[in-house]
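Have a look at the structure below, then the notes.
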Amino acid sequence: MRKISKQERGRQMNKKRKQKIFQWLALVLLLCIGMPNISFRGAKAAETSMTLKYGGKKYSFAKTKQTTAKVNGKKITTPIPGVIINGTNFVCPTLIKKKELGISYSYNSSKKQVTLKKDNTTIKLTMGKKIAKVNEKNVKLGTAPQRVYYIEKKKYYNILPARFVFETFGFSYTWQQKSRSCAIIAKTEATATPKVTNTPVITKTPEIVKTAVPTATANLTTATPKATTKPTVTATPKATTKPTVTVTPTVAPTKTPEATKEMKAMWISYLEFGSSAKTEAQFRKTVTQMFDNCVSYGMNTVIVQVRPFSDAMYKSSYFPWSKYASGTLGKDPGYDPLKIMIELAHKRGLKIQAWLNPYRITTGNTNVSALPASHPARKWANSSTSDVKRRVLSYGGNLYYNPSSSQVRTLIVNGVKEIVKNYDVDGIHFDDYFYPNLGTSYKTNFDAKEYDAYVEQCKKDGKTAKTIVKWRRGNVNALVKRVHTAVKGLDPNVEFGISPAGNIDNLTSSSAYYVDIQTWMSTDTYVDYICPQIYWSFNNAVCPYKATVKRWADLKKSDVVDLYIGLAVYRAGTTIEKEWSTSNTVLKRQVVYGRSVKGVSGFAFYRYDSFQTSTSKQEVKNLLPLLK
19 MRKISKQERG RQMNKKRKQK IFQWLALVLL LCIGMPNISF RGAKAAETSM
69 TLKYGGKKYS FAKTKQTTAK VNGKKITTPI PGVIINGTNF VCPTLIKKKE
119 LGISYSYNSS KKQVTLKKDN TTIKLTMGKK IAKVNEKNVK LGTAPQRVYY
169 IEKKKYYNIL PARFVFETFG FSYTWQQKSR SCAIIAKTEA TATPKVTNTP
219 VITKTPEIVK TAVPTATANL TTATPKATTK PTVTATPKAT TKPTVTVTPT
269 VAPTKTPEAT KEMKAMWISY LEFGSSAKTE AQFRKTVTQM FDNCVSYGMN
319 TVIVQVRPFS DAMYKSSYFP WSKYASGTLG KDPGYDPLKI MIELAHKRGL
369 KIQAWLNPYR ITTGNTNVSA LPASHPARKW ANSSTSDVKR RVLSYGGNLY
419 YNPSSSQVRT LIVNGVKEIV KNYDVDGIHF DDYFYPNLGT SYKTNFDAKE
469 YDAYVEQCKK DGKTAKTIVK WRRGNVNALV KRVHTAVKGL DPNVEFGISP
519 AGNIDNLTSS SAYYVDIQTW MSTDTYVDYI CPQIYWSFNN AVCPYKATVK
569 RWADLKKSDV VDLYIGLAVY RAGTTIEKEW STSNTVLKRQ VVYGRSVKGV
619 SGFAFYRYDS FQTSTSKQEV KNLLPLLK
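First residue of the sequence shown: 19, per this note's numbering; consecutive thereafter.
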């Protein structure tokens, strides 16, 4: 290294000082020229809007959509105004920590967990998670707390669900929509039954909502009344009046006020969309009318079928355009139906779930050549490799993806991931089409070849092979668990649910479905909700409504998994069963009874068109007052 003299070192230091002075002068000049406009716009933005970033997305809240708060009549100023996300009022901990309330607050940044304490009650909330702990007992939230980045202030804040926090600690919490303000009254000042006004959904944020999908036509004479077309159901907090719940601090509630909003979902199937080509304007008009009607019926969720037959009602990298979008399988309609439906649903305060049929490729047709050349099923079926060809199976005049194939599972999971990544859906909803009914030959048909290979491999490895029934259930479980993990990994607020057939005996048989319903309803690693299609009357000989609902409720072992009931509006006024033709209050009574059963959190109605028929008119008229 060259030795530098004192003189040279001095010259270099003088040069650096001059450079710094020049840089400062340039900066001052720049500020003098540009600052007036910048500061003006910044001041205006601070007064009129707030931009929060969370979940990888940015959300702008206008001043009119921000909330204020009062504690015992005193207006409280917080560094971040309250906002409403999916019908839930979120507030900054500054409000919660007011000394008048006596709530202690701490935040563990490594666990992303807030701990609140008052008297004998402790609440733990994890950012981005819809499961809270009240005195170490799990409680499911309607909307997850968030760690947000306030872009205008360049700071991070935690925001917490107001009603859940305050009412869990025993305070009175009221909401005034007109002034967009909330009031918190300490226990000593609260009345015994404070009234709570409506809190409508005004923003669309990625929050998972629940959906369920039933089938369309059921065989009423057998033990497997299954509908061919299935809808999905989700719960949307739409301007429903929330009762005030007084919670004794020493008792942890199993469901909080924010978590007990009843889901009222409408299944909207591919049948409603029709297969004829539509312009964007025509599609918008149709869906606008549908969603307006859903709101008028009292629904808070729509479950829209976006993949009925290994196709897509949205722009997909894996599946061809659905003919129910463009009129022709594989043809681009020139617009994005799912994007439009999300926009129109959220404008109306409706949650929206994407309804998918995971394994079904075709019905009544096994001609692979009729599929577009880009179709994954056609590519696999035309492969020269036997193992690849076996990813597509023909059975009963229909085509299915092979549930035992890991490549099939990857395709389905990738199809779910692209929806959650690219669209602001509230949930992913699976129909009940898993394995077909394989009959008495179930040990030798469908994917039995793959099972035999599995058994041989177990022998080589010195392992005991599962029975073919348990093996098939394991195949379905593997898919369901991967989908749940993928959804939660992308957005914990998006829900994943399944609408299985309603007859539990069929689900647990050796020859069909192969769903592990007991496992799904006993843990939080498979689904967020289950919506069985209980489509029978109170007097059905095989599955009477009350007994069937009770059986499903008894299966629910996890506080995290919600149970919704799928109801058959399409049967109203028909001769399918005697009671449907002789009574016009079946649906009404089914809702009333469902609400009385512990563990039932809402309903899904199959399907939209059935609300419009002359046969169902009187049933629907009697039902609707219960939903509004």
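The beta carbon of each residue, even a glycine, is placed where N, CA and C say it ideally should be.
Quick one, which of P326, S634, L585 and Y77 has its alpha-carbon nearest L289's?
Taking only the C-alpha atoms, the option nearest L289 is P326.
Hey, how far is the Cα of Q608 from the Cα of N521?
CA-CA distance, Q608 to N521, rounds to 17 Å.
Is it the case that the Cβ atoms of V322 and M359 are separated by a distance below 9 Å?
The answer is yes: Cβ separation under 9 Å.
Secondary structure at W339, three-state DSSP: helix, strand or coil?
In this structure, W339 counts as strand in the three-state DSSP scheme.
Spatial neighbours of M317 in its chain, beta-carbon cut-off 6 Å, leaving aside the 5 residues before and after:
The answer, listed in chain order, is K282 and M284.
With E637 and V610 assumed to form a contact (beta carbons below 8 Å), what rounded beta-carbon distance in angstroms separates them?
Incorrect: roughly 14 Å between the Cβ atoms, too far for contact.
Can you list, in chain order, the residues of its chain whose CB lies under 6 Å from that of V406, leaving out five sequence neighbours each side?
W398, listed in sequence order.
Label G120 either buried or exposed according to how many other C-beta atoms from any shown protein chain fall within 10 Å of its C-beta, with 16 as the threshold for buried.
Exposed, since its Cβ has fewer than 16 Cβ neighbours within 10 Å.
Three-state secondary structure assigned by DSSP to F452
In this structure, DSSP gives F452 a state outside helix and strand, which the three-state scheme calls coil.
Nearest by alpha-carbon distance to T593: which of K616, N400 and N558 is it?
Residue N558 is the option with its Cα nearest to T593.
Option nearest I446 by Cα separation, candidates T69, I202, L362 and L374:
Comparing C-alpha distances from I446 to each of T69, I202, L362 and L374 shows the shortest one belongs to L374.
Buried versus exposed, by CB contacts within 10 Å (16 or more), D534:
Its Cβ being crowded by 16 or more others within 10 Å, D534 is buried.
Extent of the continuous beta strand (DSSP E) run through M68:
Start and end: S67 to Y72.
Ranges of the beta strand (DSSP E) found wholly within the segment 126-200, counting only runs of at least 3
Residue ranges of uninterrupted beta strand (DSSP E) with 3 or more members, entirely inside the segment 126-200 and ordered along the chain, are 131-136, 139-144, 149-152, 155-158, 164-168, 173-179 and 190-194.
Which ranges would you report for the alpha helix (DSSP H) in the segment 459-523 if only whole runs of at least 4 residues count?
Counting whole runs of 4 or more residues, the segment 459-523 contains the alpha helix (DSSP H) stretches 466-479 and 486-508.
Inspect the CB distances between the segment 480-489 and the segment 512-520 and report whether three or more fall short of 8 Å.
The segment 480-489, when compared against the segment 512-520, does not touch it at the 8 Å Cβ threshold.
Endpoints, alpha helix (DSSP H) assigned at K116:
Unbroken run through K116: none, as it is neither H nor E.
Residues of its chain near L642, where Cβ-Cβ distance is below 7 Å and the 5 sequence neighbours each way are ignored:
Taken in chain order, the residues that qualify are Y315 and G316.
So, under 8 Å CB-CB, Y544 and W538 are touching, yes? Tell me the CB distance rounded to an integer number of Å.
Here Y544 really is in contact with W538; their C-beta atoms are around 4 Å apart, less than 8 Å.
Distance CB(A372)-CB(L347) smaller than 9 Å:
For A372 and L347, no; Cβs fall outside 9 Å.
Among K173, N176, R491 and G188, nearest to V152 - alpha-carbon criterion
The candidate whose alpha carbon is nearest that of V152 is G188.
Indicate whether L588 and S628 have their beta-carbon atoms separated by less than 9 Å.
Note on identity: in this sequence residue 588 is Tyr, with Leu being the wrong assignment. Cβ atoms of Y588 and S628: closer than 9 Å.
Using DSSP's beta-bridge definition, name the partner residues of D580.
Per DSSP, Y547.
Do F108 and T69 come within 9 Å of each other at the CB atom, strictly closer than that value?
Result no, Cβ atoms of T69 and F108 do not sit closer than 9 Å.
Shortest alpha-carbon distance to R378 belongs to which of P454, T403 and N400?
When only C-alpha atoms are compared, the closest one is P454.
Looking at C-alpha atoms only, which residue of T633, A571, E595 and V579 is the closest neighbour of G612?
Of the listed residues, the one whose Cα sits closest to G612 is A571.
Going by DSSP, name the residue or residues bridged to N557.
In the DSSP output, where bridge partners are listed per residue, N557 has none listed.
Quick one: Cα of K172 to Cα of K93, how far?
Approximately 25 Å, taken between the alpha carbons.
Neighbourhood of K147 by C-beta distance below 7 Å, restricted to the same chain and skipping five residues each side:
Non-local C-beta neighbours of K147 in its own chain, meaning closer than 7 Å and more than five positions away in sequence, comprise A162 and P510, ordered along the chain.
Distance, Cα to Cα, G100 vs Y168?
Whole-angstrom Cα-Cα distance: 12 Å.
According to DSSP, is R325 helix, strand or coil?
R325 falls in the strand class under three-state DSSP.
Where do the ends of the beta strand (DSSP E) carrying F79 lie?
Per DSSP, F79 is one residue of the beta strand (DSSP E) stretching across K75 to A80.
Which partner residues does Y123 have in the DSSP bridge list?
In the DSSP secondary-structure assignment, Y123 is bridged to L134.
Please report whether the beta-carbon of K76 lies at a distance below 9 Å from any beta-carbon of chain D.
Here chain D cannot be found, since the structure has a single protein chain.
Under 9 Å between the Cβ atoms of L497 and V443?
The Cβ atoms of L497 and V443 do not sit closer than 9 Å to each other.
What number of angstroms, rounded off, separates the C-alpha of K76 from the C-alpha of V166?
Going by C-alpha positions, K76 is about 10 Å away from V166.
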